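Undergrad:
Protein chains: 2
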Amino acid sequence: MSEADFLAGYDPAAFPRPALAVDLVLLGLRDGRPAVLLLERSQHPHAGRWALPGGFVGLDETLDKAAERVLREKAGIALAHLEQLYTFGALDRDPRMRIVSVAYLALLPERSFAEALDGEAPLAAAILDVPWAGETGGPVAALSRRGEPLALAFDHADILALAVLRLRGKLDYSDVAFALLPEQFTLRQLQDVHEAILGTPLNKPAFRRRMLDRGWLKPTGTREAGTSFRPAELYRLARPR
Amino acid sequence: MSEADFLAGYDPAAFPRPALAVDLVLLGLRDGRPAVLLLERSQHPHAGRWALPGGFVGLDETLDKAAERVLREKAGIALAHLEQLYTFGALDRDPRMRIVSVAYLALLPERSFAEALDGEAPLAAAILDVPWAGETGGPVAALSRRGEPLALAFDHADILALAVLRLRGKLDYSDVAFALLPEQFTLRQLQDVHEAILGTPLNKPAFRRRMLDRGWLKPTGTREAGTSFRPAELYRLARPR
DNA sequence: GCAACATATATGTGACTTGCAACTAAGTAA
DNA sequence: TTACTTAGTTGCAAGTCACATATATGTTGC
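First to last, the sequence lines map onto chains L and A. Heads up, the first sequence is in UniProt numbering, so the first residue is 1 and it goes up one at a time. Heads up, the second sequence is in UniProt numbering, so the first residue is 1 and it goes up one at a time.
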């Protein structure tokens, strides 16, 4: 925009602006299935429904910083892989006022996910039920521990659906999968992550070859402990994330 | 966010909000190279620099609608493929005040691109010089007609770089390329689009097979006109976009 | 009407990738 | 020592892709 256009068409004091928020999809794995951390809303609107942790963007913080703050304050998580997902701007997405929300995807290794659940924040885990294959897209459901679908607040079902879609799309050509694993992991664990996200079984030798040929993995020389059978080699990311 | 959190932590009247804008990457092809339409800024800040067309998001319009409006009002383009790219929220991206901008990618077929250039809006075309291969990523330059790099305003160089990156990534598995072509086109034209975006030559028979095997294309039965050699078959998209 | 020409379109082939099944290796447990 | 379970490997068929080559079909010039 030119400054003339700007001054002529928009007086920042005179025209009200949409509010700007960030919402976080806190995604991890539970029992080999994708899961998210949600907050139960106690007040209307959408009281009793489940919502993504979110917060407003301060004037003095970037979007990424706002997402980190929400991660810390609302979920009690110090560190996680965070990436911007999409910005949702429907007029009626929040009944109170116009709120535009920048959705972020946070990927939590199993341990962080469990710690966040046990922490101060009143978070609950919900299994993501994805009824479509590949990158078809479509709605997803968040299931309670008993397998019942949870009612989601606002447009958060759409945000969850997009999160799964994006993750599936990036899984094979990027290193996001490692954000869901501890620092050291076996190839089987890596395959389990891929299978959980994609929702389909993968061929073991082919997967192994592909991963090792990529050159991202470095064997540690140590093996996993505590198994009652042959322990697998532990790997780590060669170029740390 | 819970409503309690919301009311406790954020009084919409008391706390100032970032301004929210959309910026458009108007992308087309010129002489087999990717090109964008830019506006020269006449006022400070960044007077004399080149900027993406943009505008503020109204309280009563969605992000997509705001992008359509900018497309119409600032570029005089009635219709184009529009998709959200990324939301830029650095604190100092605009020296006047805090502005968060949702960047959109608009894809223009050659004809729309030329019409926009000849229209009312004072747009100029700039060739995109992409000095990296594949999806490496990195900075891009906008070149004037004489091949000199143009000084870009704000963080618009970053936005352009991301636009190229995204387009390259989506080119092969989505149908975005067709948004850069007229309704009817030859396979050679389609290949030219791919080569221009990717910045590398492609193998003809392989490209042809891949495209035809996808099942997206439908031969029209007619051929291109005006060639001084064997005219190629014209295709259209089977499932219109 | 006929060759020259330029490009469209099709075919053939070897290198590489992927999916699957069967195999060997290495640990625990009894 | 043997049974068992999972880790990790090997071999091969099917499919994909890049490249070279061959054929087809329009225009242009004579």
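Yeah, the Cβ is synthetic: ideal placement off N, Cα and C, and Gly gets one too. In this text the structure is predicted, and so the values were computed from the model without any measurement.
#1: Does L:Pro16 pass the burial test, meaning 16 or more other C-beta atoms within 10 Å, or should it be called exposed?
#2: Give the secondary structure of L:Phe15 by DSSP, where H, G and I count as helix, E and B as strand, and everything else as coil.
#3: Report the CB separation of A:Pro18 from A:Arg98 in whole angstroms; it is logged as a contact under 8 angstroms.
#4: Any Cβ of chain A within less than 8 angstroms of the Cβ of residue 264 of chain L?
#5: Please report whether the beta-carbon of A:Ala90 lies at a distance below 8 angstroms from any beta-carbon of chain L.
#6: Can you tell which of A:Glu183, A:Pro201, A:Pro182 has the C-alpha that lies nearest to the C-alpha of A:Gln191?
#7: Using the beta-carbon of each residue, which ones in chain L are nearer than 7 angstroms to A:Thr87?
#8: Can you find a heavy atom of the ligand GTP that lies under 7 angstroms from the Cβ of L:Asp172?
#9: Drop a sphere of 10 angstroms on the beta-carbon of L:Ser101, count the other beta-carbons inside from all chains shown, and report buried for 16 or more, exposed for fewer.
#10: For L:Arg30, which residues does DSSP report across the bridge?
#11: Here's a check: name, in chain order, each residue in its chain whose Cβ is nearer than 8 angstroms to the Cβ of L:Ala161, leaving out the five neighbours to either side.
#12: Please report the straight-line C-alpha distance between A:Asp64 and A:Gln84, rounded to a whole angstrom.
#13: Within 10 angstroms of the Cβ of L:Lys74, are there 16 or more other Cβ atoms? Answer buried if so, exposed if not.
#14: Taking L:Ser112 as the reference, which of L:Met211, L:Leu128, L:Arg30 has the closest Cα?
#15: How should A:Leu180 be labelled, buried or exposed, when 16 other C-beta atoms within 10 angstroms of its C-beta is the threshold for buried?
#16: Is there at least one Cβ from chain A nearer than 8 angstroms to L:Ala19's Cβ?
#17: Using the three-state DSSP reduction, which class does A:Phe154 fall into: helix, strand or coil?
#18: Per DSSP, what are the beta-bridge partners of L:Pro219 in this structure?
#19: What runs of the beta strand (DSSP E), each 3 residues or longer, lie entirely inside the stretch 106–181 of chain A?
#20: How would you write the range of the alpha helix (DSSP H) that A:Leu63 sits in, first residue to last?
#21: Which residues in the same chain as L:Val130 place their Cβ atom closer than 6 angstroms to its Cβ, once the five residues preceding and following it in sequence are excluded?
#22: Within 8 angstroms (strictly less), CB to CB, does A:Val57 reach chain L?
#23: What first and last residue would you give for the alpha helix (DSSP H) that runs through L:Gln84?
#24: Compute the beta-carbon to beta-carbon distance between L:Gly54 and L:Glu120, rounded to the nearest angstrom, for a pair I have assumed lies under 8 angstroms.
#25: Using CA coordinates, which residue listed in L:Ser174, L:Leu187, L:Gln189 is at the minimum distance from A:Glu135?
#26: Should A:Glu68 be labelled buried (16 or more other beta-carbon atoms within 10 Å of its own) or exposed?
TA: Here's the rundown:
#1: exposed
#2: coil
#3: 4 angstroms
#4: In the structure as shown, chain L starts at 1 and stops at 241, and residue 264 of chain L therefore has no counterpart that could be examined.
#5: yes
#6: A:Pro201
#7: Leu63, Gln84, Thr87, Val102
#8: With respect to small molecules bound, the structure shown includes none, and the ligand GTP cannot be examined in it.
#9: buried
#10: L:Arg33
#11: Gly137, Gly138, Pro139, Val140
#12: 8 angstroms
#13: buried
#14: L:Arg30
#15: buried
#16: yes
#17: coil
#18: L:Tyr235
#19: 123–129, 141–143
#20: 63–75
#21: Val140, Val164, Gly199
#22: yes
#23: Not the alpha helix (DSSP H): L:Gln84 falls in the beta strand (DSSP E), residues 81–88.
#24: 17 angstroms between Cβ atoms; not a contact.
#25: L:Ser174
#26: buried
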